[in-house]
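Working notes, structure below.
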Amino acid sequence: MIQFEVNVPPMGAVRMTQRSKWKNRSAQSYLQYKSVVGYAAKKHFVEPINGPVATEIDFYYPVPKSWSKKEKDRALKGETFPTVKPDIDNVVKGIFDSLNKIAWEDDNRVVALITRKYYSTQPRIVIKVWEVEVA
141 MIQFEVNVPP
151 MGAVRMTQRS
161 KWKNRSAQSY
171 LQYKSVVGYA
181 AKKHFVEPIN
191 GPVATEIDFY
201 YPVPKSWSKK
211 EKDRALKGET
221 FPTVKPDIDN
231 VVKGIFDSLN
241 KIAWEDDNRV
251 VALITRKYYS
261 TQPRIVIKVW
271 EVEVA
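Following our numbering, the numbering of the sequence shown begins with 141 at its first residue and continues without gaps.
Set out below in structure tokens:
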């Protein structure tokens, strides 16, 4: 199993056209985000996994500053979960796009996925990837 951490706040995938890739600010931010995640992954993978892959991804979101001390404490204890945008499938898509050709050949290789959203004082993404043994 390969595990690594990316110290950036989770970001959802952005829809973009070839043209908007260069003009749209959110598209530019997303491309930079994918580069940061991909660069972190390259430190841990010699070559992409070619077989079936399982992954576990934990997304840590910042606690809203407007919350009371009591609300913040509950969030940091795991008693409150981030039911906020972006949706979990969009943040997973961003990670999968980032890891193509680095962790796996293509994200169609992923056969199992566990993912969770948490609050933290340190926004980040923790990614675990392993090859699934064929029975």
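Beta carbons: idealized from backbone N, C-alpha and C, even for Gly.
DSSP beta-bridge partners of residue i
{"i": "Lys268", "result": "Gln143 and Glu196"}
{"i": "Trp244", "result": "Ile189 and Asn240"}
{"i": "Pro202", "result": "Ser260"}
Beta-carbon gap between residue i and residue j smaller than 9 Å
{"i": "Ala180", "j": "Glu145", "result": "yes"}
{"i": "Val177", "j": "Leu239", "result": "yes"}
{"i": "Pro188", "j": "Ala243", "result": "yes"}
{"i": "Glu196", "j": "Ile254", "result": "yes"}
{"i": "Val231", "j": "Phe199", "result": "yes"}
{"i": "Ile116", "j": "Pro150", "result": "In the structure as shown, the chain starts at 141 and stops at 275, and residue 116 therefore has no counterpart that could be examined."}
Continuous beta strand (DSSP E) stretch holding residue i: start and end
{"i": "Arg256", "result": "Val250 to Ser260"}
Delimiting residues of the alpha helix (DSSP H) encompassing residue i
{"i": "Glu211", "result": "Lys209 to Leu216"}
{"i": "Lys182", "result": "Arg165 to Lys182"}
Own chain partners of residue i with C-beta closer than 7 Å, once the 5 adjacent residues on each side are dropped
{"i": "His184", "result": "Ile142 and Phe144"}
{"i": "Asp237", "result": "Ala153 and Lys174"}
Close-in-space but distant-in-sequence residues of the same chain around residue i (CB under 6 Å, 5 per side omitted)
{"i": "Lys233", "result": "Ala153"}
{"i": "Ala252", "result": "Ala194"}
{"i": "Val148", "result": "Val176"}
{"i": "Ala215", "result": "Val203 and Tyr259"}
{"i": "Trp270", "result": "Met141 and Ala194"}
Anticipated Cβ contact below 8 Å, residue i with residue j, distance rounded
{"i": "Tyr201", "j": "Lys257", "result": "6 Å"}
{"i": "Asn190", "j": "Glu245", "result": "6 Å"}
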